[in-house]
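A.B. asks: Sequential numbering from 35 applies to the sequence shown in our numbering. Just so you know, even glycine gets a beta-carbon here, dropped at the ideal spot from N, CA and C. Please read through the structure below; I'll follow up with questions.
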Amino acid sequence: TAFSACKREPAVEFKRTDNTVIVGMPADADRLNPLLATTAYARTVYEQIYSYLIWQDPVSGEFLPQLAKSLPERKETADGLIAYTFEIREEAKWDDGSPVTAGDFVFTLKAILNPKVAAQRIRPYVSFIKKVETDGANPRQLTVYSEKYILAEEAISAAFPVMQESHYDPDGLLKSIAIDQFLQPEVIAALAESDERLGKFAEAFASEKFSREKGGVTGSGPYRLEAWETGQRIVLVKKENWWGDKLAKSNSPLEAYPDQITYKILPDAVTTLNALKAEEIDAVFNIDPKDFVELKNVSSVSDRYEFASPPTLSNFFIYINATHPILSDKLVRKALSHAVNAQEIIDNVFYGLGEPVNGPAHPSTDYYHKGLKPIEFNIEKAKSLLAQAGWTDSDNNGYVDKDINGVRTELKIKYLMNASRETSKNLALLLQDNAKKAGIQIELVAKDPLQIIDDIRKKNYEIAGGGRSASNTLWDPTQSYHTTGDNRTGFGTPETDALIDEIRVTLDEKARNEKYKKLQEIIYDEQVEIYLFVPQDRILIHKRFEAEAHSIFPGFSVNRFRLKK
């Protein structure tokens, strides 16, 4: 959705006319170290501070060079590896004026592969790299050798930003350890236990300084961290004479127009609504659906903001902890799925701004399994499945129970929900009400979003509301579903692990799509996640800016907001 052609009425006066953008964000970042951060909110912020070799244009979906001078040269080697050769732009500089080099890329890769560093989110994406060579004659050139992997080029160049070795490892703890050692899992695992340098580096790297502090968080991107008031705001300031400015006209990945970007934390719908009405923010995403619909009729808002609702590259679902004694039973999980009315949630909670979905793949992709129908809301089916699993209402109190180790136990499940979002509360109440019809007690447990994420990662939950970004290119299921990944449901078998491993190396599209569909069938059958829908975003952007809404989170690129003349 393009906003650039919109003209404002002359009669409307704007409260602020300066070239600073205030973005309303529903939750704080967890940290701004890009290898350690785990939330989409953190990424939204740190992508303005750091640069990638290659960057994905969020509007076109095209991959374009950012730090690199061009897309990599690609050659197959005699031993079956694919060699990707990059050259970093000579203009690219760190804040201290030193050049961004191939050595900085190698350092970043070492940090990811250091077993003592909590980089589990990224590590699976670089596990296919077998060798890295730098050029003695050109410190800006490097060649990365990878096994065949569907996302190899993207993973090497666009999955993580390049970090400055001299800043993040000032004592050179990793410098004298060869990258070859890091690329051999058994070797580096043993070294991590015997060589204290790896642990020392990890401890320093995880410090508050490199995650939260002005001067500690630093990259080669256009903005620097100026201030962070936890739970309140994060302030970024455009660097003077940033190296990318002179290249930006012909290189869209280097565009950066606002002088300052402030991320203002708006933890609930009422605060967001008030901020919009008071014109205290310039852009906001994922606002309450009811407010989004109703604000279009509030002239003080609609005169000053453009509205956009692009389909998001994400899906909403309910996590089920398959390691929980009761929820480890597939029949119980399936019963729970049939007690969830996704269409009712779309219509009543999200005002129709969503599309039902059957699994983790995005409906826009050609590997989405159209043969699987979204699980139907069917209370009688839920009761039947519970009865098969031995759960019946023996005392006629409205809730099913079962004898477990000689003790009559009622089926009571705790649902973790976001305490600050009205949509989360309304969704939870519908879930609770429908589950009750099937004889399932749902206890609602409200927590802060970051605490929920932490509990889910530690599998310290029973069921919980969830959302996940989906790929508009190829999908690597490792992180979510492989037993070695950041697997939050605890489900996984040797069969699914082997299938995921095959998907990662199947370059033939037709064969790969068949494997994708087989995995979707297994996930569908196991019901470790109850899929609800793909939401449409609810975005407002102030009319004093030229901007473009898109499907990639958070739905706009704040660095590309241009103040209208």
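#1: Per DSSP, what kind of secondary structure is residue 218 in: helix, strand or coil?
#2: DSSP state of residue 86, grouped into three classes?
#3: Of the choices 395, 247, 421 and 324, whose alpha-carbon is the least far from that of residue 65?
#4: With a threshold of 7 angstroms on Cβ separation, who are the neighbours of residue 458 within its own chain once the five nearest residues in sequence on each side are excluded?
#5: Measure the Cβ-Cβ separation of residue 351 and residue 566 and say whether it is below 8 angstroms.
#6: Residues in the same chain with beta-carbon distance under 6 angstroms from residue 141, minus the five sequence neighbours each way, listed in chain order, please.
#7: Let me see if you follow: with CB-CB separation under 8 angstroms, is residue 79 close to chain D or not?
#8: CB residue 435 to CB residue 429, shorter than 8 angstroms?
#9: Hey, how far is the Cα of residue 584 from the Cα of residue 230?
#10: What is the DSSP secondary structure of residue 258, reduced to helix, strand or coil?
#11: Around the C-beta of residue 538, are 16 or more other C-beta atoms found within 10 angstroms, so that it is buried, or is it exposed?
#12: Indicate whether residue 195 and residue 253 have their beta-carbon atoms separated by less than 8 angstroms.
#13: Just to check my reading of the structure: residue 260 and residue 271 have Cβ atoms closer than 8 angstroms, yes? What is that Cβ distance to the nearest angstrom?
#14: Leaving out five residues before and five after residue 128 in sequence, what residues of the same chain have Cβ atoms less than 6 angstroms from its Cβ?
#15: First and last residue of the alpha helix (DSSP H) that includes residue 75?
#16: Based on the DSSP secondary-structure assignment, which residues constitute the bridge partners of residue 121?
#17: Tell me the start and end of each unbroken beta strand (DSSP E) in the region 353-407 that is at least 3 residues and wholly inside, in chain order.
#18: Which of the three DSSP states, helix, strand or coil, is assigned to residue 319?
#19: In whole angstroms, give me the CA-to-CA distance for residue 478 and residue 462.
#20: Report all residues from its chain with a CB closer than 6 angstroms to the CB of residue 191; omit the five preceding and five following residues, and keep chain order.
#21: Could you check the C-alpha separation between residue 304 and residue 398 for me, to the nearest Å?
#22: Just grab the DSSP bridge partners of residue 127 for me.
#23: Are the region 360-370 and the region 407-425 touching, with three or more C-beta to C-beta distances below 8 angstroms?
#24: Helix or strand or just coil, what does DSSP make of residue 596?
#25: Counting along the chain, where does the beta strand (DSSP E) carrying residue 168 start and finish?
#26: I'd like the list of long-range same chain contacts for residue 464, defined as Cβ closer than 8 angstroms, with 5 residues on each side in sequence excluded.
#27: Would you give the residue range spanned by the beta strand (DSSP E) that residue 517 belongs to?
#28: Taking the alpha-carbon positions, what's the residue 395 to residue 402 distance?
#29: Do the CB positions of residue 61 and residue 574 come within less than 8 angstroms of each other?
#30: Going by DSSP, what residues sit across from residue 99 in a beta bridge?
#31: Which residue wins for smallest C-alpha separation from residue 489, given the options 355, 425 and 385?
#32: Compare the C-alpha of residue 492 against each of 359, 331 and 524 and name the closest.
#33: Considering just the uninterrupted stretch of the beta strand (DSSP E) at residue 586, what are its terminal residues?
#34: Quick check: the Cα distance between residue 41 and residue 245, rounded to an integer number of angstroms?
#35: Which residue from 578, 126 and 301 puts its Cα closest to that of residue 281?
#36: Whose C-beta lies closer than 8 angstroms to the C-beta of residue 520 among residues of the same chain, with five residues either side of it excluded?
C.D. replies: In short, the structure shows the following:
#1: In the sequence shown, residue 218 corresponds to position 184, counting from 1. Secondary structure of residue 218 (DSSP, three-state): coil.
#2: Here residue 86 is taken as the residue at index 52 of the sequence shown, counted from 1. Three-state DSSP puts residue 86 in coil, outside helix and strand.
#3: Within the sequence shown, residue 65 is the residue found at index 31, counting from 1. Nearest of 395, 247, 421 and 324 to residue 65, Cα basis: 247.
#4: Locating residue 458 in the sequence shown gives position 424, where the first residue counts as 1. 451, 452 and 499.
#5: Translated into the one-based positions of the sequence shown, residue 351 becomes position 317. Translated into the one-based positions of the sequence shown, residue 566 becomes position 532. Result yes, Cβ atoms of residue 351 and residue 566 sit closer than 8 angstroms.
#6: Position 107 of the sequence shown, counting from 1, holds the residue named residue 141. 199, listed in sequence order.
#7: Of the chains in the structure shown, none is chain D; there is only one protein chain.
#8: In the sequence shown, the residue the question calls residue 435 occupies position 401. In the sequence shown, the residue the question calls residue 429 occupies position 395. A contact, by the Cβ cut-off of 8 angstroms.
#9: Within the sequence shown, residue 584 is the residue found at index 550, counting from 1. Within the sequence shown, residue 230 is the residue found at index 196, counting from 1. The alpha-carbon atoms of residue 584 and residue 230 are separated by roughly 46 angstroms.
#10: Translated into positions along the sequence shown, residue 258 becomes position 224. Strand, per DSSP.
#11: The sequence position of residue 538 within the sequence shown is 504, counting from 1. With 16 or more Cβ atoms within 10 Å of its Cβ, residue 538 is classed as buried.
#12: Reading the sequence shown from its first residue, position 161 is the one you call residue 195. Reading the sequence shown from its first residue, position 219 is the one you call residue 253. For residue 195 and residue 253, yes; Cβs fall inside 8 angstroms.
#13: In the sequence shown, the residue the question calls residue 260 occupies position 226. In the sequence shown, the residue the question calls residue 271 occupies position 237. Contact holds; Cβ gap of about 5 angstroms.
#14: If you number the sequence shown from 1, residue 128 lands on position 94. Hits under 6 angstroms: 198 and 254.
#15: For the purposes of this step, residue 75 is taken as the residue at position 41 of the sequence shown. Residue 75 -> alpha helix (DSSP H) spans 74-80.
#16: As a first step, residue 121 must be located in the sequence shown, where it is residue number 87. 175, per the DSSP bridge assignment.
#17: The qualifying runs are 388-390.
#18: What you label residue 319 is simply residue 285 of the sequence shown in a count that begins at 1. The three-state secondary structure of residue 319, taken from DSSP, is coil.
#19: Taking the sequence shown and counting its residues from 1, one reaches residue 478 at position 444. Taking the sequence shown and counting its residues from 1, one reaches residue 462 at position 428. Residue 478 and residue 462 have their C-alpha atoms some 7 angstroms from each other.
#20: Counted from its first residue, the sequence shown places residue 191 at position 157. Contacts found: 87 and 88.
#21: In the sequence shown, residue 304 corresponds to position 270, counting from 1. In the sequence shown, residue 398 corresponds to position 364, counting from 1. If I take the Cα positions, the gap works out to 33 angstroms.
#22: On the sequence shown, position 93 is the one that residue 127 refers to. Paired residues: 133.
#23: The region 360-370 makes contact with the region 407-425: 3 or more CB pairs, one atom from each, lie closer than 8 angstroms.
#24: Within the sequence shown, numbered from 1, the residue matching residue 596 stands at position 562. Correct three-state label for residue 596: strand.
#25: Along the sequence shown, one-based indexing puts residue 168 at 134. Where residue 168 is concerned, the enclosing beta strand (DSSP E) starts and stops at 163-169.
#26: Walking along the sequence shown from the start, residue 464 turns up at place 430. Cβ contact annotation for residue 464 (same chain, cutoff 8 angstroms, sequence separation greater than five): 375, 378, 379, 382 and 383, in chain order.
#27: Working through the sequence shown from its first residue, we reach residue 517 at position 483. For residue 517, no beta strand (DSSP E) run applies, since DSSP gives it neither H nor E.
#28: Numbered from its first residue, the sequence shown carries residue 395 at position 361. Numbered from its first residue, the sequence shown carries residue 402 at position 368. Roughly 5 angstroms between the two C-alpha positions.
#29: By 1-based counting over the sequence shown, the position of residue 61 is 27. By 1-based counting over the sequence shown, the position of residue 574 is 540. Between residue 61 and residue 574, the C-beta gap is not smaller than 8 angstroms, which leaves the two residues out of contact.
#30: Translated into the one-based positions of the sequence shown, residue 99 becomes position 65. Its beta-bridge partners are 88.
#31: The residue given as residue 489 occupies position 455 in the sequence shown. Of 355, 425 and 385, the residue nearest in Cα terms is 355.
#32: The count along the sequence shown starts at 1 and reaches residue 492 at position 458. Of 359, 331 and 524, the smallest CA-CA separation from residue 492 is found for 524.
#33: Within the sequence shown, residue 586 is the residue found at index 552, counting from 1. Boundaries for residue 586: no beta strand (DSSP E) harbours it, and the DSSP string shows neither H nor E there.
#34: Translated into the one-based positions of the sequence shown, residue 41 becomes position 7. Translated into the one-based positions of the sequence shown, residue 245 becomes position 211. Confidence is the limiting factor: at residue 41 the pLDDT is only 48, short of 50, which leaves the residue's position unreliable, though a coordinate-based value still follows. Their backbone Cα atoms lie some 41 angstroms apart in a straight line.
#35: Counted from its first residue, the sequence shown places residue 281 at position 247. The residue with the shortest Cα to Cα distance from residue 281 is 126.
#36: Locating residue 520 in the sequence shown gives position 486, counting from the first residue. The residues are 154, 155, 491, 513 and 514.
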